[in-house]
Amino acid sequence: MSDTTSLSAHLGARLEKKPLLLMTHLVVGYPSLDANWAMLEAMDAAGVDVVELQMPFSEPIADGPSFVKANHEAIQAGTSWQDYFDLAARASAAFGFELLFMGYYNSVYAMGAERFCARLAEAGMKGFIVPDLPPEEAAELNAAARTHGLDPVLIMTPTNTQERLAELGRHASGFVYCAARKGVTGRQTDLSEGVAAFLERCREATSVPLGLGFGIRTAEDVRGLRGMADLAIIGTAGLDAWVAGGPEGYRQFLESLVAETL
1 MSDTTSLSAH
11 LGARLEKKPL
21 LLMTHLVVGY
31 PSLDANWAML
41 EAMDAAGVDV
51 VELQMPFSEP
61 IADGPSFVKA
71 NHEAIQAGTS
81 WQDYFDLAAR
91 ASAAFGFELL
101 FMGYYNSVYA
111 MGAERFCARL
121 AEAGMKGFIV
131 PDLPPEEAAE
141 LNAAARTHGL
151 DPVLIMTPTN
161 TQERLAELGR
171 HASGFVYCAA
181 RKGVTGRQTD
191 LSEGVAAFLE
201 RCREATSVPL
211 GLGFGIRTAE
221 DVRGLRGMAD
231 LAIIGTAGLD
241 AWVAGGPEGY
251 RQFLESLVAE
261 TL
């Protein structure tokens, strides 16, 4: 069951026990809310550390084809904010991992910063990732987040200058999501192509833990991040494992990833 410590404290405690953490992802409402619950049960049983719950959105600009499809089908199925927070509250009460919101700013704006953060906190969530909101435009949201003990997780990319990384680092909280390459989610990333140097640049910009995502798809990828990043972030590959292998294939996939973090 989740506790009341901050995301930073949770990650720090986990990193004292093993060298690398694992963050996974699901789109709420896809392929169904019942399937989401089965995914969360498998994540908890495997020993996943952090889970991002994506609120479906009509124009998910950072996402590749698999997540675009998932977002659209979840919307067509009528997935609501109430569904989202009901699932988050049940999961935070039942499981040991921490939960983050992932979604786009139009959804947050429509709800309002204060209400959005209050509902995340009420559901037992620890923070949020809003990839289309730069920190310079997030003052109201971040102030509400501080009031409710939430961490706004920022994104660093290989195209950021060192000055921009330093600016993002000044606003960093919880951990930083480092996007391994340009483009959208889903496509395989070659970790030999400048990822280590990029992470070193990010390390110079912030003292909070670094998570690496975008194209991390296999147990071998996770193993390759040991000693480079603090969190391996698995998105599309998890959804693909569910679609291809069902609950059992998904469970085996998660266990193979977690084994590389120990």
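Take the sequence shown: its letters are residues 1 to 262, numbered as in this note's numbering.
Where is the CB? At the ideal position from N, CA and C, for every residue including glycine.
Does the beta-carbon distance from L231 to G211 come in below 8 Å? yes
Please report the straight-line C-alpha distance between A197 and A229, rounded to a whole angstrom. Whole-angstrom Cα-Cα distance: 11 Å.
Should D334 be labelled buried (16 or more other beta-carbon atoms within 10 Å of its own) or exposed? Outside the modelled stretch of the chain, which goes from 1 to 262, sits residue 334, for which no answer is possible.
Using alpha carbons as the reference points, say which of T157, E122, A145 and H148 lies closest to D132. T157
Compare the beta carbon distance of L154 and A205 with 8 Å and say whether it is the shorter of the two. Not a contact, by the Cβ cut-off of 8 Å.
Run through DSSP, which three-state label would Y30 get? Here DSSP, grouped into helix, strand and coil, assigns Y30 to coil.
Which runs of the alpha helix (DSSP H) spanning at least 4 residues fall entirely within the region 45-101, listed in chain order? For the region 45-101, whole alpha helix (DSSP H) runs of length 4 or above, ordered along the chain, are 65-76 and 81-94.
Of the choices A179, I216 and F214, whose alpha-carbon is the least far from that of C202? A179
Express the C-alpha separation of E248 and T24 in angstroms, rounding to a whole number. 17 Å
Can you tell me where the beta strand (DSSP E) holding L231 begins and where it ends? L231 to I233
Using alpha carbons as the reference points, say which of G127, P134, V48 and R90 lies closest to W37. R90
Rounded distance between the beta-carbons of L26 and L53, thought under 8 Å: 6 Å
What residue range is occupied by the uninterrupted alpha helix (DSSP H) comprising F253? T236 to A259
Could you please give the first and the last residue of the uninterrupted alpha helix (DSSP H) stretch that includes V176? Not the alpha helix (DSSP H): V176 falls in the beta strand (DSSP E), residues V176 to A179.
Going by Cα to Cα distance, which pick from D83, A121, G127 and S92 is closest to F101? G127
Tell me whether the beta-carbon of G174 lies closer than 8 Å to the beta-carbon of L7. yes
Going along the chain, which residues of its own chain have a beta-carbon closer than 8 Å to the beta-carbon of A237, five neighbours each way excluded? I216, R217, T218 and F253
Look up D151 in the DSSP assignment and give the residues it is bridged to. Note: D151 sits in a beta bridge opposite G127.
Where the beta strand (DSSP E) through L210 begins and ends: L210 to G213
Can you give me the start and stop residues for the alpha helix (DSSP H) that R223 sits inside? A219 to G224
Assuming G103 contacts F57 (C-beta within less than 8 Å), just tell me the rounded distance between them. Between G103 and F57 a beta carbon distance of about 6 Å is seen, short of the 8 Å cut, so the two are scored as contacting.
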